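*Asks:*
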Amino acid sequence: MNTEHIVSSFNDDLNRIESLLLEMGGLVEKQLLEATKALRTEDRVLAKQVLKGDKRINHLEAQINENAIKILALRQPVAADLRNVVMTLKMASHLERIGDYTKNMARRTNTITKAEAFTGSIGTLVRMSELVQSMIKSALDAHNKRDAGTAQEIRIADEGVDQMHNTLFRELLTYMMEDVRNISGCMHLLFIAKNIERMGDHVADIAQEIIFLVTGEWPEDKRPKGDKTSKMIIGPDDISTEGS
Amino acid sequence: MDIQMQNAAVVKPPIMSTKNVDVFYGKKQAIDNVSLDIPENQITALIGPSGCGKSTYLRCLNRMNDTISICKVTGDIRFAGQDIHDKKVDVVALRARIGMVFQKANPFPKSIFENVAYGPRIHDLADNKDHLKDIVITSLKRAGLYDEVSDRLDESGTGLSGGQQQRLCIARAIAVDPQVILMDEPCSALDPIATAVIEDLMEQMREKYTIVTVTHSMAQAARISQKTAFFHLGTLVEVGATEKIFTNPEDQRTQNYISGKIG
Chain C
6 MNTEHIVSSF
16 NDDLNRIESL
26 LLEMGGLVEK
36 QLLEATKALR
46 TEDRVLAKQV
56 LKGDKRINHL
66 EAQINENAIK
76 ILALRQPVAA
86 DLRNVVMTLK
96 MASHLERIGD
106 YTKNMARRTN
116 TITKAEAFTG
126 SIGTLVRMSE
136 LVQSMIKSAL
146 DAHNKRDAGT
156 AQEIRIADEG
166 VDQMHNTLFR
176 ELLTYMMEDV
186 RNISGCMHLL
196 FIAKNIERMG
206 DHVADIAQEI
216 IFLVTGEWPE
226 DKRPKGDKTS
236 KMIIGPDDIS
246 TEGS
Chain P
488 MDIQMQNAAV
498 VKPPIMSTKN
508 VDVFYGKKQA
518 IDNVSLDIPE
528 NQITALIGPS
538 GCGKSTYLRC
548 LNRMNDTISI
558 CKVTGDIRFA
568 GQDIHDKKVD
578 VVALRARIGM
588 VFQKANPFPK
598 SIFENVAYGP
608 RIHDLADNKD
618 HLKDIVITSL
628 KRAGLYDEVS
638 DRLDESGTGL
648 SGGQQQRLCI
658 ARAIAVDPQV
668 ILMDEPCSAL
678 DPIATAVIED
688 LMEQMREKYT
698 IVTVTHSMAQ
708 AARISQKTAF
718 FHLGTLVEVG
728 ATEKIFTNPE
738 DQRTQNYISG
748 KIG
């Protein structure tokens, strides 16, 4: 990987998209950290900052797209270089989506905090977010070190996010059945949970793309998926056993 | 369907097969133990830095190296199952079956018609004048040149443009009904449009012929070939499906060469 191209400006071009992607990833990680903190501390000022911060992420994605397309057109990269450029495009797109979900999380935080809506316990939600943050951090490291092994661990770690989402789904539905006044706040939390669950999927996809970038092969195994909420029905009878 | 076709391609024996080929120019070894199969009706591209032996290897395939007195070729080279170094093999006939097109177009200083008719005439392939004319026209058509020269077949071949001259040389090779056509940098002296015309022609020719081409243009190898072989310092470093070589080569030396890195 450290071998230099004979045409040094080609190296410069590749280094540029690499550092843009790293900057974008770091920013996404920070945004999610702050959105989660805003939710936990009911901090609407911080939530608004997160809303604004998404612009920078979108801008970085546009820059990566522009630079990567320029490299494809002018340098005609092949082999590892080609995989690098194409995977950078895909990873930037995933990071941008994670940024959008984070922005949506901040917007909902603003809404529920303003309305002082019931939110029950948000501990699971925070833990879920922390797991996704650590996955993003590992993914950026794995990309930087071209480490397919760590990338594979990230794919597996996403199952933990799914399982927390299942728990939350059940928990929030229970709150809603207990008291209709809880519905509004809980619905927002449910959407936030879904957003974080989707972020996990995007990080798992990034991990898969890192594996392809490093090895030239897509992982053959199907990564474990644990999101069962699409099959869940919880009725009033379940409250007594599930809630307490 | 695709898989079946792939399997069919795998099962089909290679039209040429070479094993443990060594080439010496005097005491200097130019090719070291190269084994490579040439699949039928495909374009095989030989790539590698200057002096890596790819042209020398290409010239082994129709015994063109015989013409160089200090050049010694050993190893097993088979064409349609037959050893091309066998005493019974008529070299002139062999070179008709395995034609060659060179880097610089080299038409004879004769008319366009005579350039193409020359081969069939010396190999006695035409029954009569009409048959010969038929062969010439068919060859010019297969080389994608006929429409451009149909009204001036008696004009000199050297008066054509570079790209047209190269296609005339391809028509000349085709005229003696070869099975394999070896091309040594056929486009290196041509502009991008003339290159595109030749590349398109090669793609069409693949239905009827097998092509082995040497090229310095990575992009050209990627565009036109199905199989790519990377030579370095006289050895065959890596050979495989072109798509594989240009997306995920196995050898670091291949990776470095095709991506323009210091090896």
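In order, the protein sequence lines correspond to chains C and P.
Counting in my numbering, the first sequence runs from 6 upward without gaps.
Counting in my numbering, the second sequence runs from 488 upward without gaps.
Ideal placement from N, C-alpha and C gives every residue a C-beta, glycine not left out.
Remember, predicted model here, so these are calculated numbers, not experimental data.
In this structure, how does DSSP classify Met237 of chain C when only helix, strand and coil are distinguished?
*Replies:* Here the question's residue 237 of chain C lines up with position 232 in the first sequence. Met237 of chain C sits in coil when the DSSP states are folded into three classes, being neither helix nor strand.
*Asks:* Could you compute how far the alpha carbon of Val724 of chain P sits from the alpha carbon of Tyr106 of chain C?
*Replies:* Taking the first residue of the second sequence as 1, we reach residue 724 of chain P at position 237. Taking the first residue of the first sequence as 1, we reach residue 106 of chain C at position 101. Straight-line Cα distance between these residues: approximately 48 Å.
*Asks:* Can you pull the chain C residues whose beta carbon is under 7 Å from the beta carbon of Gln742 of chain P, in chain order?
*Replies:* Walking along the second sequence from the start, residue 742 of chain P turns up at place 255. Residues of chain C passing the Cβ test: Ala84, Ala85.
*Asks:* Find the residues of chain C that neighbour Ile745 of chain P, judging by a C-beta separation of less than 8 Å, and give them in chain order.
*Replies:* Here the question's residue 745 of chain P lines up with position 258 in the second sequence. Per Cβ cutoff of 8 Å: Val83, Ala84.
*Asks:* Which residues of the segment 706-722 of chain P have a Cβ closer than 8 Å to any Cβ of chain C? Give them in chain order.
*Replies:* Ala706, Ala709
*Asks:* Ends of the beta strand (DSSP E) at His99 of chain C?
*Replies:* Sequence index remark: in the first sequence, residue 99 of chain C carries index 94 (1-based). Unbroken run through His99 of chain C is the alpha helix (DSSP H), 84-119; no beta strand (DSSP E).
*Asks:* Classify Asp184 of chain C as buried or exposed, calling it buried when 16 or more other Cβ atoms lie within 10 Å of its own Cβ.
*Replies:* On the first sequence, position 179 is the one that residue 184 of chain C refers to. With fewer than 16 other Cβ atoms within 10 Å, it is exposed.
*Asks:* Check the DSSP bridge columns for Asp524 of chain P and list the partner residues they point to.
*Replies:* What you label residue 524 of chain P is simply residue 37 of the second sequence in a count that begins at 1. For Asp524 of chain P, which the question treats as bridged, DSSP gives the partners P:Ser504.
*Asks:* Using a Cβ-Cβ cutoff of less than 6 Å, which residues in the same chain neighbour Ile657 of chain P once the five nearest sequence positions on both sides are dropped?
*Replies:* Looking up residue 657 of chain P in the second sequence gives position 170. Contacts found: Val588, Ala630.
*Asks:* Restricting to Cα atoms, I'd like to know which of C:Glu39, C:Glu71, C:Leu178, C:Val166 is closest to Ile238 of chain C.
*Replies:* As a working mapping, residue 238 of chain C is identified with position 233 in the first sequence. The shortest Cα separation from Ile238 of chain C among C:Glu39, C:Glu71, C:Leu178, C:Val166 belongs to C:Leu178.
*Asks:* Determine the chain P residues that contact Arg10 of chain C at a beta-carbon separation under 7 Å, and present them in chain order.
*Replies:* Residue mapping note: residue 10 of chain C aligns to position 5 of the first sequence, counting from 1. According to the sequence displayed, residue 10 of chain C carries His and not Arg. What His10 of chain C touches in chain P: Ser746, Gly747, Lys748.
*Asks:* Find out if the Cβ-Cβ distance for the pair Ile525 of chain P, Tyr544 of chain P is shorter than 8 Å.
*Replies:* Your numbering for residue 525 of chain P matches position 38 in the second sequence. Your numbering for residue 544 of chain P matches position 57 in the second sequence. In this structure, Ile525 of chain P sits away from Tyr544 of chain P, with a CB-CB distance that is not shorter than 8 Å.
*Asks:* Once the 5 residues before and after Leu136 of chain C are set aside, which same chain residues still bring their CB inside 6 Å of it?
*Replies:* Translated into the one-based positions of the first sequence, residue 136 of chain C becomes position 131. The answer, listed in chain order, is Gly165, Val166.
*Asks:* Could you tell me the alpha carbon to alpha carbon distance between Lys514 of chain P and Phe717 of chain P, rounded to whole angstroms?
*Replies:* The residue you call residue 514 of chain P lines up with position 27 of the second sequence. The residue you call residue 717 of chain P lines up with position 230 of the second sequence. One C-alpha to the other measures close to 24 Å.
*Asks:* Please look up how many angstroms separate the CB atoms of Lys541 of chain P and Leu533 of chain P, rounded, as I've assumed it's under 8 Å.
*Replies:* Taking the second sequence and counting its residues from 1, one reaches residue 541 of chain P at position 54. Taking the second sequence and counting its residues from 1, one reaches residue 533 of chain P at position 46. At roughly 4 Å, the Cβ-Cβ gap stays under 8 Å, so Lys541 of chain P and Leu533 of chain P are in contact.
*Asks:* For Pro736 of chain P and chain C, any beta-carbon pair shorter than 8 Å?
*Replies:* Position 249 of the second sequence, counted from the start, is the residue given in the question as residue 736 of chain P. Yes, because at least one Cβ of chain C sits closer than 8 Å to the Cβ of Pro736 of chain P.
*Asks:* Measuring alpha carbon to alpha carbon, tell me which residue in P:Ser504, P:Leu523, P:Lys506, P:Pro536 is nearest Met705 of chain P.
*Replies:* Here residue 705 of chain P is taken as the residue at index 218 of the second sequence, counted from 1. The shortest Cα separation from Met705 of chain P among P:Ser504, P:Leu523, P:Lys506, P:Pro536 belongs to P:Pro536.
*Asks:* What does DSSP give as the partner residue(s) for Val588 of chain P in the beta ladder?
*Replies:* Here the question's residue 588 of chain P lines up with position 101 in the second sequence. According to DSSP, which records beta bridges pairwise, Val588 of chain P is partnered with P:Met670.
*Asks:* For His719 of chain P, which residues in the same chain have their Cβ closer than 6 Å to its Cβ, ignoring the five residues on either side in sequence?
*Replies:* Working through the second sequence from its first residue, we reach residue 719 of chain P at position 232. So the qualifying residues of the chain are Gly535, Cys539, Arg740.
*Asks:* Name the DSSP bridge partner or partners of Asp509 of chain P?
*Replies:* Taking the first residue of the second sequence as 1, we reach residue 509 of chain P at position 22. DSSP output for Asp509 of chain P lists P:Thr561 as bridge partner(s).
*Asks:* In chain P, which residues lie less than 8 Å from Arg88 of chain C when you measure between Cβ atoms?
*Replies:* As a working note, residue 88 of chain C is residue 83 in the first sequence. Those within 8 Å of Arg88 of chain C in chain P are Thr734, Asn735.
*Asks:* So is Phe174 of chain C in contact with chain P if we call contact Cβ pairs under 8 Å?
*Replies:* The count along the first sequence starts at 1 and reaches residue 174 of chain C at position 169. No - not a single Cβ of chain P is within 8 Å of the one on Phe174 of chain C.
*Asks:* Please classify His193 of chain C as buried or exposed, where buried requires at least 16 other C-beta atoms within 10 Å of its C-beta.
*Replies:* Within the first sequence, numbered from 1, the residue matching residue 193 of chain C stands at position 188. Buried, by the Cβ-count rule.
*Asks:* Who are Asp570 of chain P's beta bridge partners in DSSP?
*Replies:* Within the second sequence, numbered from 1, the residue matching residue 570 of chain P stands at position 83. Note: Asp570 of chain P sits in a beta bridge opposite P:Arg565.
*Asks:* Please state whether DSSP places Gln529 of chain P in a helix, a strand or coil.
*Replies:* Position 42 of the second sequence, counted from the first residue, corresponds to residue 529 of chain P. DSSP places Gln529 of chain P in coil when its eight states are reduced to three.
*Asks:* On the three-state DSSP scale, how would you describe Ile624 of chain P?
*Replies:* Translated into positions along the second sequence, residue 624 of chain P becomes position 137. Residue state, collapsed to three classes: helix.
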